[in-house]
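All remarks here apply to the structure that follows.
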Amino acid sequence: MCMVIFAPIFAICAFATCGGYYGHLQVKVDCADRRQSNLSINIDFGYPFRLHQVHFKAPLCDVKREEILFLDGDFSSAAQFFVTVGVFAFLYSLLATIVYVFYQNKYLKHNRGPLVDFVVTVIFSFMWLVSSCCWAKALSDIKTATNPTQVLLLMSACRAQENKCSVTEEPLWSRLNTAAVFGFVNVVLWVGNIWFVFKETGWYKTGQRYPTRSASGKRSSEMRQRLYSESSFDQPEEGFGLSRQNSFNQSKGDFGLFSLPQTYLGKPVIYDRQDKVVSKGPMIFVNEM
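The structure is reproduced here in structure tokens:
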């Protein structure tokens, strides 16, 4: 099955790219009074993306002190749900691979294995769809919350027009985008695998064993019955010969101790002057006594 080959690989790619993410954002603040200038602020965040717990210190240009700021949003539920589905899908794929290879007879016994496999495959298909959609929405919100423009607006010094703030390093999103893509690839893979698992169940085999008769099948059966009924009228001579034989058999009882040999009339044979058979008439065959 395709699940045995590709499902563990794509499941690993999905939860590994999401669970192991680490992002870095760096901004620079230049105060107008030059008392505090060229100050770099590093903001680090990662899985499980509890951004409301990520804090950083920003300078206050009017006084010589700093303020503590936090990012907005908590996206841990969507991220952890996505990673959890990926981990369990990977474990089930490995278990299914072992069963398919080493316990094929027990898997097909009493049709329990295919039925359980079918139900679990449907559940994982639905879970992959839900988790991938949730993660795609959460990823969009994470990008918005960590947008450099949005982060600079959180700082009091950057809201003042006389101060200059710039972004020196932005986070890379290619890894998280890949995780979202792998999530939807797993959706397609598991949904497509439903058909292959369904073919192993008793529901599919029962439908194949007792197929419904189509209209063409009914017409062909009626035609065969019609040809059979017409061919039954093509043998009148044999019936005639059998009736004659029965009449001779009944006449044996009229002679008492003497009995005539059993005979029956065959087809007549007529010869022309050149000893060629023209037609066949009734023939008498005598059984030896």
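Quick note, the sequence shown lines up with residues -16 to -1, 1 to 273 if you use mature numbering (1 follows the signal peptide of the UniProt record, and there is no 0).
Quick reminder that beta carbons are idealized off the backbone N, C-alpha and C, glycines included.
Specify, as a first and last residue, the run of the alpha helix (DSSP H) that residue i falls within.
| i | result |
| --- | --- |
| ASP125 | 96 to 129 |
| VAL38 | No alpha helix (DSSP H) contains VAL38, which DSSP labels as neither H nor E. |
| ALA163 | 158 to 182 |
| TYR91 | 88 to 92 |
Using DSSP with H/G/I as helix, E/B as strand and the rest coil, what is residue i?
| i | result |
| --- | --- |
| LYS148 | strand |
| ARG47 | Here residue 47 is Val; the residue named in the question, Arg, does not match the sequence. Reduced to three states, the DSSP call for VAL47 is coil. |
| TYR76 | helix |
| PHE59 | coil |
| LEU137 | helix |
| GLN229 | Confidence at GLN229 is low in this model, with a pLDDT of 48, below 50, so the placement of that residue should be treated as unreliable; the coordinate-derived value is given next. In the structure shown, GLN229 sits in a helix (DSSP, three-state: H, G or I). |
| CYS142 | helix |
| CYS15 | coil |
| THR185 | coil |
| PHE66 | helix |
| TYR5 | coil |
| TYR84 | helix |
Nearest-angstrom Cα distance between residue i and residue j?
| i | j | result |
| --- | --- | --- |
| ILE107 | LEU113 | 10 Å |
| VAL159 | ALA42 | This sequence places Arg at residue 159; Val is not what is there. Distance between the alpha carbons of ARG159 and ALA42: 28 Å. |
| ARG96 | PHE29 | 47 Å |
| residue 312 | ASP17 | Outside the modelled stretch of the chain, which goes from -16 to 273, sits residue 312, for which no answer is possible. |
| ALA63 | PHE(-2) | 9 Å |
| SER77 | LEU44 | 55 Å |
| ILE82 | LYS90 | 12 Å |
| PRO155 | PRO98 | 46 Å |
| TYR6 | TRP179 | 38 Å |
| GLY176 | LEU23 | 54 Å |
| PHE59 | TRP157 | 16 Å |
| PHE109 | PHE86 | One point to set straight first is that residue 109 is Ser, not Phe, in the sequence displayed. Rounded to whole angstroms, SER109 to PHE86 spans 25 Å at the Cα level. |
| LEU35 | LEU138 | 14 Å |
| GLN145 | LEU75 | 55 Å |
| LEU92 | ASP101 | 11 Å |
| TYR182 | PHE72 | Residue identity differs from the one stated: residue 182 is Phe in this sequence, not Tyr. Answer to the nearest angstrom: the Cα atoms are 21 Å apart. |
| PRO(-9) | SER61 | 23 Å |
So what does residue i bridge to, in DSSP terms?
| i | result |
| --- | --- |
| ASN26 | GLN10 |
| GLU153 | GLN10 |
| ILE52 | LYS41 |
Are residue i and residue j touching if we call contact CB-CB under 8 Å?
| i | j | result |
| --- | --- | --- |
| GLU153 | HIS8 | yes |
| VAL67 | PHE54 | no |
| THR1 | THR130 | no |
| CYS149 | LYS12 | yes |
| TYR31 | GLY70 | no |
| ILE126 | PHE33 | yes |
| SER116 | VAL171 | yes |
| THR105 | TRP174 | yes |
| CYS15 | ALA141 | yes |
| VAL135 | ILE27 | yes |
| PHE168 | CYS(-4) | no |
| VAL103 | PRO132 | no |
Let me see if you follow: with CB-CB separation under 8 Å, is residue i close to chain B or not?
| i | result |
| --- | --- |
| ILE25 | Within the model displayed, chain B is absent; a lone protein chain is all it includes. |
Give a single yes or no on whether residue i has its beta carbon closer than 7 Å to a heavy atom of the ligand GTP.
| i | result |
| --- | --- |
| PRO43 | Inclusion of the ligand GTP in the displayed structure is not the case, the ligand content being empty and no account of it being possible. |
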